[in-house]
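Chains as they are written, first to last, in my numbering: chain A, 103 to 214; chain B, 11 to 124. Working notes for the structure below.
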């Protein structure tokens, strides 16, 4: 399957600052984009998702934006806290086989 | 507690020695899947199952087998492991088969093949 490009691969932010992770996809027919958070020693866990009929979705300090024209979507974490330190994966639901393609992951470190 | 369990969590083995990683979920999910996670490559799907006795290949199925005899269990079998199968493996389950439902991941199995 086609891959999702995810940037940056690592991100270090000061506590209280914002973190932004961007993903680019190529399947223009894709319409579901989840984000998963993986804490050290654990499996990934869904934190937010967005469907193509909306451009932005928020859940407390986390927001996701989707630009279907440019085929990219982004995760925004505001007022970062130490517990936000983790690996974050974006994903795209492929339209040809309805399977998830994951990005390579972003390791976020929040400095106290 | 709703969860996906995997065993073992860590395994070191040698080339060619058959092994099985078990996966079990207690959420009555129809959909189950296996992924491998490698640095710089994210999560790649190995096999998946839409229901009992129904399994299909994911993106990287070579060298792996699975079975789904019961709804709750989905073991991953490596008949003749090779060093390139050294990886972190995750089992996942979901209540929907369309792909848009949340996938619940197990804690992972770190496999080293010498």
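Note that beta-carbon positions come from the ideal geometry of N, C-alpha and C, so glycine has one too.
If the cut is a Cβ gap below 8 Å, which residues of chain B does residue i touch?
i	result
residue 162(A)	Correct list: empty, because the minimum Cβ distance to chain B is about 17 Å.
residue 148(A)	112, 113
residue 191(A)	52, 53
By the criterion of Cβ-Cβ separation under 7 Å, what are the contact partners of residue i in chain B?
i	result
residue 131(A)	Here the premise fails: no neighbours, minimum Cβ distance about 13 Å.
residue 145(A)	100, 115, 116, 117, 118
residue 195(A)	109, 110
Skipping 5 residues on each side, what residues in its chain have a beta carbon closer than 6 Å to that of residue i?
i	result
residue 180(A)	120, 163
residue 26(B)	90
residue 211(A)	114, 187
Which same chain residues, not among the five before or five after residue i, have their C-beta less than 7 Å away from its C-beta?
i	result
residue 170(A)	154
residue 82(B)	34, 35, 36
residue 130(A)	173
residue 97(B)	46, 47, 48, 121
residue 125(B)	Absent from the structure is residue 125(B), since the part of chain B shown begins at 11 and ends at 124.
residue 75(B)	87, 89
Note down the Cα distance separating residue i from residue j, rounded to an integer number of angstroms.
i	j	result
residue 182(A)	residue 209(A)	14 Å
residue 194(A)	residue 106(A)	7 Å
residue 203(A)	residue 136(A)	10 Å
residue 103(A)	residue 185(A)	Interpretation of residue 103(A) is limited by its pLDDT of 43, a score under 50 that renders its predicted location unreliable; no figure is taken from the coordinates.
residue 21(B)	residue 89(B)	15 Å
residue 116(A)	residue 142(A)	20 Å
residue 213(A)	residue 66(B)	43 Å
residue 157(A)	residue 109(A)	20 Å
residue 11(B)	residue 101(B)	17 Å
residue 114(B)	residue 54(B)	15 Å
residue 116(B)	residue 118(A)	31 Å
residue 167(A)	residue 52(B)	21 Å
residue 192(A)	residue 63(B)	30 Å
residue 43(B)	residue 144(A)	17 Å
residue 104(B)	residue 206(A)	22 Å
residue 93(B)	residue 160(A)	43 Å
residue 112(B)	residue 73(B)	28 Å
Look up residue i in the DSSP assignment and give the residues it is bridged to.
i	result
residue 47(B)	53(B), 98(B)
residue 134(A)	153(A)
residue 66(B)	58(B)
residue 90(B)	None; residue 90(B) has no bridge partner.
residue 189(A)	140(A), 209(A)
List the residues of chain A that residue i touches, going by C-beta distances under 8 Å, in chain order.
i	result
residue 108(B)	200
residue 55(B)	201, 202
Does any heavy atom of the ligand ZN sit closer than 7 Å to the C-beta of residue i?
i	result
residue 160(A)	Summarising the ligand content, the structure contains no ligands, and the ligand ZN is consequently not present.
Roughly how far, in whole angstroms, is the beta-carbon of residue i from the beta-carbon of residue j, given that I think they are within contact range, below 8 Å?
i	j	result
residue 46(B)	residue 99(B)	5 Å
residue 124(A)	residue 188(A)	That pair is no contact at about 17 Å.
residue 152(A)	residue 175(A)	7 Å
residue 109(B)	residue 127(A)	Going by Cβ atoms, the distance from residue 109(B) to residue 127(A) rounds to 14 Å, so no, they are not a contact pair.
residue 132(A)	residue 197(A)	5 Å
What does a CB cutoff of less than 8 Å around residue i pick up in its chain, not counting 5 residues either side in sequence?
i	result
residue 77(B)	65, 84, 85, 87
residue 118(B)	16, 19, 47, 98, 99, 100
residue 23(B)	29, 91, 121, 122, 123, 124
Residue i touches chain A at which residues, Cβ-Cβ below 7 Å?
i	result
residue 86(B)	Neighbours of residue 86(B) on chain A: none; closest Cβ ~14 Å, over 7 Å.
Chain B partners of residue i, CB-CB under 9 Å?
i	result
residue 206(A)	49, 50, 51, 52
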